[in-house]
Every structure is written in C-alpha cells, then in structure tokens.
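Since the structure comes first, as structure tokens, the remarks are kept for the end.
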Amino acid sequence: MSSNSFPYNEQSGGGEATELGQEATSTISPSGAFGLFSSDLKKNEDLKQMLESNKDSAKLDAMKRIVGMIAKGKNASELFPAVVKNVASKNIEIKKLVYVYLVRYAEEQQDLALLSISTFQRALKDPNQLIRASALRVLSSIRVPIIVPIMMLAIKEASADLSPYVRKNAAHAIQKLYSLDPEQKEMLIEVIEKLLKDKSTLVAGSVVMAFEEVCPDRIDLIHKNYRKLCNLLVDVEEWGQVVIIHMLTRYARTQFVSPWKEGDELEDNGKNFYESDDDQKEKTDKKKKPYTMDPDHRLLIRNTKPLLQSRNAAVVMAVAQLYWHISPKSEAGIISKSLVRLLRSNREVQYIVLQNIATMSIQRKGMFEPYLKSFYVRSTDPTMIKTLKLEILTNLANEANISTLLREFQTYVKSQDKQFAAATIQTIGRCATNILEVTDTCLNGLVCLLSNRDEIVVAESVVVIKKLLQMQPAQHGEIIKHMAKLLDSITVPVARASILWLIGENCERVPKIAPDVLRKMAKSFTSEDDLVKLQILNLGAKLYLTNSKQTKLLTQYILNLGKYDQNYDIRDRTRFIRQLIVPNVKSGALSKYAKKIFLAQKPAPLLESPFKDRDHFQLGTLSHTLNIKATGYLELSNWPEVAPDPSVRNVEVIELAKEWTPAGKAKQENSAKKFYSESEEEEDSSDSSSDSESESGSESGEQGESGEEGDSNEDSSEDSSSEQDSESGRESGLENKRTAKRNSKAKGKSDSEDGEKENEKSKTSDSSNDESSSIEDSSSDSESESEPESESESRRVTKEKEKKTKQDRTPLTKDVSLLDLDDFNPVSTPVALPTPALSPSLMADLEGLHLSTSSSVISVSTPAFVPTKTHVLLHRMSGKGLAAHYFFPRQPCIFGDKMVSIQITLNNTTDRKIENIHIGEKKLPIGMKMHVFNPIDSLEPEGSITVSMGIDFCDSTQTASFQLCTKDDCFNVNIQPPVGELLLPVAMSEKDFKKEQVLTGMNETSAVIIAAPQNFTPSVIFQKVVNVANVGAVPSGQDNIHRFAAKTVHSGSLMLVTVELKEGSTAQLIINTEKTVIGSVLLRELKPVLSQG
Amino acid sequence: MIHSLFLINSSGDIFLEKHWKSVVSRSVCDYFFEAQERATEAENVPPVIPTPHHYLLSVYRHKIFFVAVIQTEVPPLFVIEFLHRVVDTFQDYFGVCSEPVIKDNVVVVYEVLEEMLDNGFPLATESNILKELIKPPTILRTVVNTITGSTNVGDQLPTGQLSVVPWRRTGVKYTNNEAYFDVIEEIDAIIDKSGSTITAEIQGVIDACVKLTGMPDLTLSFMNPRLLDDVSFHPCVRFKRWESERILSFIPPDGNFRLLSYHMLSWDVGKINPQKLPSLKGTMSLQAGASKPDENPTINLQFKIQQLAISGLKVNRLDMYGEKYKPFKGIKYMTKAGKFQVRT
C-alpha cells in the first residue's frame, strides 16, 4: 500500500486508516482485494450523500472532512462531481471550502471543473467586492487551459474595478495566467502597464510582483511610475515594499550613473538595452561634468531610509541591500546598525543576515567594526550561526582589534562544539596570514594547541600550522621537530599527511629527523590511510633526491609496497615516482629535473573567506545565500557610464510610443499624422517639454475629464480620448489604435478644434503651462509669456500645472469620474461601494477603456497627520437610538473630484435592529451636489458601521442639509464644512510657490499675529496650520518663512499660505488665492489658532 | 513565490500540506529529511536547502518545521519572515501552536492559510483582518454555529483591508477602556572568567495591550527619548512624527501588539560603593551518578527585576485623541536577563 513508500503516513493510524486507503482507491479499482476498500468506499459514499443532502450543516461537515483529507495529502479527487455541485452554495463557508477543493483538483478533472465556471463569471459581477475578488482568485487558480480567454477577460475587467482590493487580486491573477499560458504575455503586459499606474498602495506591491515575473526586462514601463512608487513606498504593505525595493534597486543600476568615487565598476554599459538614440546625444556633454546625483536617485535613497525601522526583517534587509548597491559609499554606513539589530531575531533570520554581513564585511570592514562585539559567539548559538559569526569576526580583524579577538578565540577553541573549535583554529590561521604583526603570536598559540587533549583540535592545528609555515619556512625548524614527534600520537589522517608533507618540504632543514620519520612510516605504511600513504611516497622521493645515501633502500622498500597497494592512485603515484627518481636506461630527460620538480618553491596557500566570491550576487537574494544562481535570478547590471535620459521619468511626458520601441524611435507617428499632422511633428522633435505641452494642450472641454480624474499624464489623456469617442463620435476608431501618442494627439487636436472652454480663472495655471510648453500655445487659447525652462524645472512646473488644468476643467459627468477609482485612501467600508457603477453597460465601457482608467498624479500630496476631529451628525437622543458622527478623512474623494470626502459612522445604540438606513430628501444650495452612501439594510444592536460619501460644496462653507432616514423615521441633519476641509494639499517647490504667489488674479490677504516665541517653532506652526486646514507644507529655504499650499476641492484654485516670522514675537500671515472669500475665511480661522498659546 | 507549505513534526511526519500553485509532491521533503539527519540537531538544519528543482526554506518553532517550497529566486528573508508570521498567526488563533492543535483545527488552519497567500504572494497577514475573515474558534462560537448554522467565515471584506490603518477594524467596542504598556528590557551580556564584562547590551521592547473603543489616536512621549536611537516600529507608528518630535503617535491595533523594539549598547549603572562591591555567589551540586560536566561550562543566568527599566527609559505621558471617553492607562517596567552568559 502506498503508506509503505511514505513513512509519514503510517502515523495517521487508527481512525484514519480508512482514509488512508483512499490513496489507493483513486487509482486502483475499488473492487480490489482488501476489505479495507469496501469500508472506504462506503465512507466516500457517506460524504457524497452528505454533500447531496439539502442541509447546509451536513454539507459543511462533509466539506470540512474533505478539506481535512486534502490537508493530510490524501486523495479526494473522486468526490469532484459531488463537490462541484455546491460551488454556488449560499453558505459562504461551504462555498469557500468548495473553492479550496476546486483549486486543488481542477487540474486533474478539467471537464468537470468547467461546470463551475459560470458561477464564477456571475460572481465576478457581484456587488460585494470580497466576492468579486475571491471569484477572480479561484477562477484564475483553476489551471485549465481552455478557460484562458475567460481568465483574460476577467483580469482585464478586474484591473479596472472600483475596489483596489479586487485590482490587487487582478495583479495576482496576471502571474497565474502567465504561468498557465505564456502566450498571453503581450496582453498581460498591457494590464501590468495599466495597473502600474494605479495609485493605491494596496495594488502597488502586487503589480510590481507581476512585473517581476512576467516582464522584468521592460524597465521602460517603470519610468513613468518611478517617482510615484518611491513616494508611495512607505505606505505600501510590508511584503510589497520588499518586492518594490528589489525592483527599484535594479532599476537604479540601469538608470543612474555610479555615485561611487572609485571608477572600478563603471565600465560596461552594454546592458543598457533601453538606451535610445537621444541618450547618445547627451552622453557627450554629460561626460565631462563632475558627478551630481540625479534627484530621482536621491529620492529613492531618501524614501527608503525610514523603512530601516521596519519590524519586518525582510524589509530591513531589502533597504540594506539597496543602500549597499546604489547609495554613495559614504551613506551606506547607516544600514549596519539596523542589520545588527536583526541579530536578536530568530535563528533563521540571523542566519541570512549574518551571511549578508559576511559578504559586506569583506569589502567594507569599517561598516561593521563598531559592532564587533555583537558578533561574539555565545555558547547557546547553533553551530551554523557560530561559524558565520566567526567568519565575520575574521573579516573584521585588524591590527587594532586582533589582540582582543585572539583572546576571544581562545575561549572558542575550548568550546565543546568541536566543529566550531576546529573552525576557530582555521580562523586563527587566517588572521595570522592577513595581519603580519600577529603571525608569530598566532603560530605560537597554535603550537600550544598541539598539546591539547582533543585530537580534532590538534589535527586542525597541524593543518593550519602547515599552511602558515609554508609562508615563512626558514625560521621554524623547532616547530617542525615538535610536529614530527606528534606523528607518534596523532591519528587523524589529514594531520599526519600534513606533517609528512611539511617534513618532506623541509627535509634539508631537519636532516636528522627526516630519515628517521621515513623509517617509522615505512613500518606502518600498509596500515595508513591513503592520504597518508601518498605523502609517505612524496617524503620518500624527496629524501631520495636530497639524501639518497641514507634513504635509498628505505625509499625503494616503500615504492615496492606502493606498487602492490589496493588503491590505484597509490599504484600510479608509485610508478610515476619510480620513473622520475630512480635512474635507469629508459628514464627520459625528465629525471634530470626530478629535484626541481619535487622540491620546487611552492606558493603559500591563500587563506580566504568563503564569502569572497559572493559579492557578484545581489545581496539579500536566494542566489547570494546559496552562492549559486537560482532560477529566475535577475542580474544587477553595472552602472551605466552615462545616465540614460532622465526625462523619461517625467510624469507629464506622453511618450509611451517611444518607450514601447526602446531601440529605435517610434514609428507610429505616420499613421497618426494622417489625423493630426501638425502637432505631431512638434511632439516628435521636442522631447520632454513637448510632451508636457501636449498635456497642457488638454484644455478643451472634454479634457475636463482627464483632469477630473485626479490624474496626470498619459492615462488621463487616454481616458479622455476614448471618452471623446463615445461622446463626440468624431474620432471613432481611435480607441483601437491605442498608442498613447495618438491619444495625446487627439487631445491636442480636440483642443484646437473645439475652440476653448478655458475658464478665465485658470489664468495662473495657463501661464505655468506655457512655461513648459510654448509650442502648443498656438493651438490653445490660453497663453501668456512663455519662457524657456530648465528641464528639472519644467518637470516640477508641469506637475503643478497639471493639477491646475485639471481643476479648471468644466465639470463632468459622474459616470466618468467613477472610472478612476484610484483611491489613495480607500473607503473604509465595503458598503460605500457605489454598486450602480457596476451596471452591465458601464462594465462594457470599462472594458473598452483598456489601459486607460487608472492614473498617477503626485500633484495632490498626502495630507499631513492630524488627530481626527469627529463631529456629531445626529445625536442618539434625537435619532431615537441611531447616532451618527462624521469626519473629514482629508483624502481625494472617490465619488468625484469636486467632492469633499466625508466618512460617517453610524451607531445603533438601541437594543433592536435598525433597518434600511439611507439618505432621504436633500436640501442643497444651488450647485451643490452630494453622493450618498448605499442604503444599509440593517444595523445590529450595538453595531457600528462606517460609510463614505462625497459632497461637492462648490468651495463654499454653506450647509448641506439632508435627511438621514431609517425604515420608520427621518431625521434632519446637516453638514457645514470647516473652510480648511474644502482643500486638498498639493506638493510644490518653493520656487513655484513664489511664482504662483505673484501672478495676477491672486488676491492677497494678510494679518499680523502676536504670540510667544515657543509657538513659532516650525513644528508648532506646522501642526497648528494643518490642524485647521488640509494643506501641504512647501519646503522652505529660509528658517523664518513657512509655506503651505493647497487647492480648493471644487474649482482647484490654489490656496497659498505663508507664515513669515518677524522680529519680536510677531509674524505675518499671508494668504494668496483667487478665491477671496475662502481666503479671508481661512485667514480668520488661522489667525486665532496661531496666536494662542 | 511560495509554492507549497509542509508542516513536519520532530519525528519526521508531514502532518499538513498546502499548495498555492500546482501540487508539489511531498517527496520533495526527502531532501529536507536528509539535511535533518545530517544536522543531528533540529536547530542546525540549514534554513535554506537547494534541491534539483526547488528550494526548501524552513523555520523551526514549537517543535514543528514549517517548510516552504519555492521554485524561483526570492529574498529568503521574505519567506522566512512570512513563515514566522504564519506561526504567530496560529498562536494568536489557537493560543498555542502545536501539532495536536493544528490537527484539531485543520479546517480553520486551511482557511487562514488560504487567505494569507494568493498564488504564493502574501494577501492578508494582519491578524485583525484575518480574524474578520475567519473567526478564531471558541467553544461558545462552535456551539452557536452548530445551533444557528452560522459560519466562521466573514462575507464582507474586512474594513482594515482597504483602510489606511489596516491593522485596526472599525466598530471596536469595550465597556472598560484600557491601555497597558509593558516596557521590558533584556540584558544580553558575556562575562569572562575573571568577571569582567566582554559585551553587554540592552534589548528593549514595549508591548502593548490596548482595548479601546472606536478609533483612538494615541501619543506616547518619553522623559528621555534620546536613549532610543536604534528602534523598529509597529507599522502603526507615524515615523515622521517620531523623526521630528520624538513622540510615538499611532492608531493602535486592537488587543496585544509590539509597539516598538529598541537596542542599546550601553547604559548608566549609577553609583556603586567600591568598598562594598555587590557580589553574587552560587554553588553547583551534581546529582549522584551524573557524568562530569564539561571542562569549561558556560553559565546562563536568569533573573528579573520588577518595576525598573535598566536603561532608564521612562514614559512621560500617554494621551488619547479622537474619542471622548477617559481610558484607564497603565505602564509597567521590567528588566530581565536575556542571553546572559558567564564563561568559566
């Protein structure tokens, strides 16, 4: 029976014996001879009956037993038909267990598995995101090739899902589909590309994982998302962080020049497969420049640093290897402390960390020297940890610390762990060769060990002394004599062989002892180990050549013994030596040189670290641990000599087409030209600025959506272009040609054709657009002076601008805004999901949009932390037991970009269910809009639920009044937003800030504040300002000026706040904005807060 | 990433297997058994074992080997850290993590593992999220489920999964709101034969048990935050705030968690009177018939000092924002011997 071949099965004994039999039944027909089978069969019948019963409890019981079988590795495949029927069960636990079963056996029962597919297809449209996600998970885990097209479709749809959780699952599904059918690669890369643009921290790690598995060489897909990934990193879940950091390490090594001063690693940029023609151009001028770090390179190093504090060892290690491989050498030192901290962790973690430290400590001793004592060995450490620590101690040894270390080593030599003691002796030998000052001390110490009681210690010492003596043989006749005496007592073959070899090499220095040793050895030859025999032969030969008078006969005797030895190596050696040393007629010319051959000066062995050659593997990888290239290991390339074009990372750039054909520049233009020739050319010829300008071209009414979507660049432009399809129909067919380039074209085009809907108030933004993009001005209405900008400058400016363009767009329909659900901070409850968005027609729309939905703007920055202020919406007394509180989570609203996001927590303080909680009649001022939460079916007693809604306050502090209704009652409630919550923080540079500040249209209001000096520290001011208003800090060059920037949620107008500290305890508070009313309200609110102690 | 997981007990039986991709035959564990034999002691089994087609990464805890099978390059710590997280989760669910407990709860174990990884990549590892998806078994719940037919499996996506504070669920309620913090310091030291200290360092942790209603936002400040320079945090701690103000600001997970751990190389002992040096004496007696001990045994010391953090670290105050009630707060200090060895 199968249990025989698997000893572990025998354990299952007794009650499980019947199950055990099933392994056999699946393959052998149940009519087999064993009585066991019949009972077994009955048991399965049992399960089948239970599965077919109409009681859920019976089904559940059956499924639990089946899962138990699977867990034990037993075959349950014959139950497949009975189990699969329950895939549509209403009971969620049964359903889950059926999923577990399906995933396990679908591969074996493909035809039957297909029966379940339609259930999943239905579930993919379920309003509950958990159900959608798990349907996708299971569907994509069923490894049945025939459903590949269904999986592909499902992945595409899910990648545009409103729920980031579903999109995360879509990213996982990509890898599954890829391993099932690699043919799908190109299509999957499209999905990866789309998901890479996703701003949700939940998705980031998973999609990078998919990227690493499906298309790690498509570095070009990363460019546009590089900065976003760097900025999101801290908030990504820990596992995603590890994957992203490893990927970005590789990225950095291909995109930036070396920050290391030594030029040794600079050659070879052959790996720069992405290098395109225009990079070449830049090469020449960049070469001469002194090294300055690319700001993007700096960004990565800076943003990963806090993660050294992670509780997750894998994250700390990932950051450490990133610093090791890409940071300037002077900065890598900060990782040592964190790595040493990890040594307190589990033995497995210690093992990996120590290995990596071992490799590092060879190259840069200095990094770990201060932590020398942390590597001292404890008697309780497992041997593998001890030897690794020893290795590191050896690497760290230098003139200054060697005496301390040797004292420490003495303790180790006495260790009861003999393997470790032997390793210590090796270590002492290595220290002796590396540090010349202590060679003698070490040698003496080792000689003392020769009288140790323990043979292993003695043997190891002999071997090490042999190596040491080889370095400086002249002075050590005494030691050799001492060792010759040891031959009488020591039995370990390696040690005996070493002594013999040593005597042979130095036979002329110990002329009296050597022949005597040979004599003794001749006696014991036959009983020696092969290793020793070979050395006896060698010793004989050497003595024969130097002292033939005394040893000729002895040697011949030994050669005769060797001639008839059992081991052919020894017989060979004997024959060879005889021919070489004993002169006879046949002996050739070689025997003349016999002495030179045998007694040549032999180079001393190098005592090297076993970790010496590991540094070519990326640290922290499996390959490094094993010192073998593992399957799927991705080489870390050498630094390019000249950095590839840094502008590829500019987010505004609409250059996808170029990236897609990395080697030669895009050819797609031709086709596009037909449609929109003129702007096309411009875009080609100019690089980054042209791209950004095509962005800025997005000024037409339709472009509004792209702005509205809260996102930058390509994606939004794509969106908008496909939007145009449906809306105007003018550019039908466009969606099929999906190069982003064309889409962007479409945008520019529509601009000029549509005429302008530019708002007057968008003046400011326009002008900044123009700065970076002078060319498109002709086609768009908006302009002002255009000034040439440096690249880095334009990078920033365009970002800013984008933000603004967005805000100034004409409003758009809600459906569209739903498409881009890139919630930075997702809704905290499932109920908040707007189900209507998933109507079939809309799903179809989603599908048509392909790569377009998600997007990536960094313009709106993450809000600063403030303690959450909760406001009462409905008191439980007036709500008949229903209490409601609300707060502003300060995140972009997922229901529409003009809306302020609001979270409402509902509590049931009664002792009965409250049913059908929903929003009733709304009394909103004109223009104000509200996205209500989905009705809540019921709220249990003591239950609490948090839902999200969005209100477009039209940038005013007017009250939104509405009714909060239950099944029986309606309560009038209202929300009046504090002015500070009508804002979203934006990131901008000081320079941009100043520029914006003085633009026409910006009204300035100001006030003087008087307060105690302790209230004017930067952190206090920051905290106070962000408490009042959702603004983002702007980095300031001066200590006395603090700047904050935000935009209003509805119109996107900039709101610039400056606090300038003056002499004495006064400060000037200045607010610049187009929105004078909000500006002055904000001023009024900020003033008292800043003044008070 | 992680292809399969095998749980192996100390006598070498595979008592649970789970696959996240296609099935890997359990015969792959033979390589593990070989290595185990070679290592003689469980703790010397290499955590990473290459085989011709797979790599076996394992952790050893509670007398169980958790062996993950992987096929392609992956940071080994990623897998190891994850496996430890699996063990922690089991402990959290069942109180103890042992072979009989895992066997008894095999269905829950399976459901949890199913949620923790998707296609071998971690999906949910926060215990509060998992507990909403799969409720830990309790006697009461088992009884209730049998009667009412309700299940242990949640049908809604846990609120934490999408929230910016994934470690906390919404709607937490307590009648007694309390927050306890234990500052526990361990001294790691090696003392040599002559009694002089070769190395000594402090490993400290702050473990918290927070049972607070709603979404409390806590700040914890220290009298002497400068002592902490080598720290690692629970993800809930706002790093920026710590950097700028040296204040721990966080929305706590519900229940027990480790808020931070720190590491110090030296500390201030204070004054000791040289006339009356403190000393500690002990004798060792051997049982009759016991074999002679090793020549130079190392002595491992264990001791505990209540109400003292040897580093001098002191919590200044704990404040709560975002909720209206007044919680009960408590701080405890303790110092104990960590790896404290005296060589002879």
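So the protein sequences, as listed, match chains D and B.
Position one of the first sequence corresponds to residue 1168 (the working numbering), numbered consecutively onward.
Position one of the second sequence corresponds to residue 231 (the working numbering), numbered consecutively onward.
Glycine included, C-beta positions come from ideal geometry on N, C-alpha and C.
Just to make sure I have the definition right: I need the residues of chain D whose C-beta is within less than 7 Å of the C-beta of residue i. Which are they?
| i | result |
| --- | --- |
| ASP447 of chain B | PRO2034, THR2035 |
| ARG468 of chain B | PHE2032 |
| HIS314 of chain B | ASN1513 |
When DSSP builds the beta bridges, which residues end up paired with residue i?
| i | result |
| --- | --- |
| GLU416 of chain B | B:GLN433, B:LYS566 |
| ILE1552 of chain D | Paired residue(s): none; ILE1552 of chain D is not in a bridge. |
| ASN530 of chain B | B:GLN571 |
| ALA2212 of chain D | D:GLY2199, D:LEU2223 |
| ALA551 of chain B | Note that residue 551 of chain B corresponds to Tyr in the displayed sequence, not to Ala. Partner(s): B:ASP447. |
In whole angstroms, give me the CA-to-CA distance for residue i and residue j.
| i | j | result |
| --- | --- | --- |
| LYS556 of chain B | THR449 of chain B | 14 Å |
| VAL1401 of chain D | PRO2255 of chain D | 34 Å |
| ARG171 of chain B | LEU1786 of chain D | The shown model of chain B, from 231 to 574, leaves out residue 171 of chain B, and the question about it has no answer. |
| ASP1213 of chain D | ILE294 of chain B | 33 Å |
| ALA1689 of chain D | GLU1695 of chain D | 10 Å |
| GLY2063 of chain D | ASN486 of chain B | 39 Å |
| PHE1287 of chain D | THR1421 of chain D | 42 Å |
| LYS1762 of chain D | ASP1655 of chain D | 29 Å |
| GLN1517 of chain D | LEU1509 of chain D | 7 Å |
| ASP1812 of chain D | CYS1382 of chain D | 22 Å |
| THR1980 of chain D | ILE2118 of chain D | Only weak support exists for where THR1980 of chain D lies, its pLDDT of 39 falling under 50; the coordinates are left without a value. |
| VAL1254 of chain D | LEU1306 of chain D | 12 Å |
| LYS470 of chain B | VAL1483 of chain D | 18 Å |
| SER2115 of chain D | ILE2071 of chain D | 6 Å |
I want to see whether chain B comes within less than 8 Å of residue i, judged by CB atoms only; does it?
| i | result |
| --- | --- |
| TYR1458 of chain D | no |
| GLN1476 of chain D | yes |
| ASN1513 of chain D | yes |
| TYR1543 of chain D | yes |
| GLN1593 of chain D | no |
| ALA1337 of chain D | no |
| HIS1413 of chain D | yes |
Please determine whether the Cβ atom of residue i lies at a distance below 7 Å from any heavy atom of the ligand GDP.
| i | result |
| --- | --- |
| ALA1761 of chain D | This structure lacks the ligand GDP; in fact it carries no ligand of any kind. |
Taking residue i as the query, report the chain D residues whose CB atoms sit under 8 Å from its CB, ordered along the chain.
| i | result |
| --- | --- |
| HIS611 of chain B | Because chain B here runs from 231 to 574, residue 611 of chain B falls outside it and cannot be looked at. |
| GLU475 of chain B | SER2186 |
| ASN274 of chain B | PRO1549, THR1550, MET1551 |
| ILE414 of chain B | Simply none; closest approach about 13 Å. |
Counting contacts by CB-CB distance shorter than 8 Å, is residue i in contact with chain D?
| i | result |
| --- | --- |
| TRP455 of chain B | Per the sequence presented here, residue 455 of chain B reads as Pro, with Trp not at that position. So, not an interface residue. |
| GLY615 of chain B | Beyond the ends of chain B as shown, which are 231 and 574, falls residue 615 of chain B; an answer cannot be given. |
| GLU303 of chain B | yes |
| HIS292 of chain B | no |
| VAL342 of chain B | no |
| TYR410 of chain B | no |
| HIS194 of chain B | Absent from the model: residue 194 of chain B. The displayed extent of chain B is 231 to 574, so no value can be given. |
| LYS559 of chain B | no |
| GLY401 of chain B | yes |
Taking C-beta pairs closer than 9 Å, name the residues in chain D that residue i reaches, listed in chain order.
| i | result |
| --- | --- |
| HIS493 of chain B | LYS1504, VAL1507, ARG1508, ARG1511 |
What residues of chain B sit near residue i, judged by a beta carbon separation below 9 Å?
| i | result |
| --- | --- |
| VAL1375 of chain D | Near VAL1375 of chain D there are no residues of chain B at all, since even the closest Cβ is about 11 Å away, more than 9 Å. |
Would you call the segment 2165-2179 of chain D and the segment 2205-2213 of chain D touching, i.e. three or more CB-CB distances under 8 Å?
no
Is it a yes or a no for the segment 253-272 of chain B touching the segment 346-365 of chain B, going by three-plus beta-carbon pairs under 8 Å?
no
How do the segment 1799-1807 of chain D and the segment 1412-1420 of chain D stand: do at least 3 beta-carbon pairs fall below 8 Å, yes or no?
yes
Check whether the segment 2040-2056 of chain D and the segment 2121-2136 of chain D touch, using three or more Cβ-Cβ pairs below 8 Å as the test.
yes
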